[in-house]
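Have a look at the structure below before the remarks.
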């Protein structure tokens, strides 16, 4: 039986499973976590420690049809400036609670399109952030940059504030595909933006590209990847397009009949993967690639690679605080997510309260299962010694969990005295295998295709 036939038999091409950028996943958050929990968790941050900060800007000049993020379109700067004022108030509130000596391990601006902020707005935002906590000397300040929405003035502010990593969304360079997904962004515009970024001394570059888009073929994705490689990004996220029009209504603009089959999606991924590997990139987890000297590859070799809502990361700070509408914080105690609606978020902050709307308090079992799933997603293995020593589960009980999962994926999961591992042939099944360690009911949410 061929490998593809075996993957078909195991349900890879039919399954819909979480991406496991969190555990439990966001559909299992509840309103039992509120701003009181958030403030209590902030108060427990140790003085002098490092934290990470995520800033969400939920605005775009145009709404791309493929995107499932919480964003809103605006032609005017007026709602953006009003939102910035609220965001600055939230930052100041956080600063009043942070303990002495806290520094930023990571600062990331996401969205939406954070680079639609005018230069003066960017200056105000950076000043507000660094008024409450400086960057650590080894810290990383990254911003998601839309090549259609950036110029010298805005880059000057970002570079002057210490931005040292830029992240560019590309999706695909094919003009027909761009037209169908509502994202017009030529190679020339992208290349010019990259040249401008590097001219400002910002050497580290991330890029996102998608497989599984309408009308995509092996030839087309190969051409897009080769164009991307000519820009020499330090790391690349090769994400599978998630067609979830029941969650993101704008995706109904994309003709479902033009989408590749799940079997074709796997071939598209493998085509792109081969090109990255041939060009000297390291494979990082299930959907990232990086230069050998990049922080992700270094973290993988050191056993310190982690997974969060941005994908893979080398950040090991114990707390990630999300600010802005719909942003999610992760503390050692649990998750806290801000209210998603911009108006609801604004009203709460103006009332002098943090905008936490829901979240989840971790149990001991959550932490154990989260670490097992993270190890699988990062290293394709679970280390028996780490899990038993850290979480106190007996080796027989852990082995029983391993064997149950291995029995469900015969030939694609190995169980030894040291732990559980996924061989190369089984790695397309990684998210499905991880689901075997998920104790929550997955019927509560419509997740994306397993491949």
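Residue numbers (full-length UniProt numbering): 1 to 451.
Think of the CB as a built atom: it goes at the ideal place given N, C-alpha and C, for glycine as much as any other residue.
Since the structure is predicted, the reported quantities are computational estimates derived from the model, not experimental observations.
Inter-residue Cα distance where the pair is residue i and residue j
i, j, result
"residue 217", "residue 152", "36 Å"
"residue 390", "residue 363", "14 Å"
"residue 206", "residue 167", "4 Å"
"residue 274", "residue 367", "35 Å"
"residue 111", "residue 144", "8 Å"
"residue 90", "residue 225", "40 Å"
"residue 72", "residue 17", "27 Å"
"residue 164", "residue 10", "43 Å"
"residue 323", "residue 330", "12 Å"
"residue 260", "residue 252", "16 Å"
"residue 113", "residue 339", "19 Å"
"residue 186", "residue 348", "40 Å"
"residue 256", "residue 416", "43 Å"
"residue 404", "residue 20", "20 Å"
"residue 449", "residue 6", "17 Å"
"residue 105", "residue 98", "15 Å"
"residue 426", "residue 148", "39 Å"
"residue 373", "residue 438", "8 Å"
Assigned secondary structure, residue i (DSSP; H/G/I helix, E/B strand, else coil)
i, result
"residue 196", "helix"
"residue 163", "coil"
"residue 149", "coil"
"residue 427", "helix"
"residue 60", "strand"
"residue 380", "coil"
"residue 295", "helix"
"residue 369", "helix"
"residue 141", "strand"
"residue 40", "helix"
Sequence-distant residues of its chain with Cβ nearer than 8 Å to residue i (five each side left out)
i, result
"residue 279", "229"
"residue 418", "383, 384 and 385"
"residue 388", "394, 395 and 398"
Neighbourhood of residue i by C-beta, 7 Å cutoff - its chain only, sequence neighbours within 5 removed
i, result
"residue 408", "436"
"residue 296", "235, 284, 288, 290, 305, 312 and 314"
"residue 183", "64, 66 and 171"
Boundaries of the beta strand (DSSP E) in which residue i is found, first to last residue
i, result
"residue 109", "103-111"
"residue 218", "Run containing residue 218: none in the beta strand (DSSP E); it sits in the alpha helix (DSSP H), 218-229."
"residue 289", "288-290"
"residue 279", "Premise fails: residue 279 is in no beta strand (DSSP E) and is neither H nor E."
In DSSP terms, what residue i is bridged to
i, result
"residue 322", "54"
"residue 330", "320 and 335"
"residue 311", "308"
beta-carbon residue i near the ligand FAD non-hydrogen atom, thresh 6 Å
i, result
"residue 238", "This structure lacks the ligand FAD, and indeed carries no ligand of any kind."
Cut-off 6 Å between Cβ atoms - residues of its own chain near residue i, not counting five sequence neighbours on either side
i, result
"residue 194", "231"
"residue 269", "211"
Start and end residues, alpha helix (DSSP H) containing residue i
i, result
"residue 97", "78-97"
"residue 345", "342-350"
"residue 206", "Not the alpha helix (DSSP H): residue 206 falls in the beta strand (DSSP E), residues 204-211."
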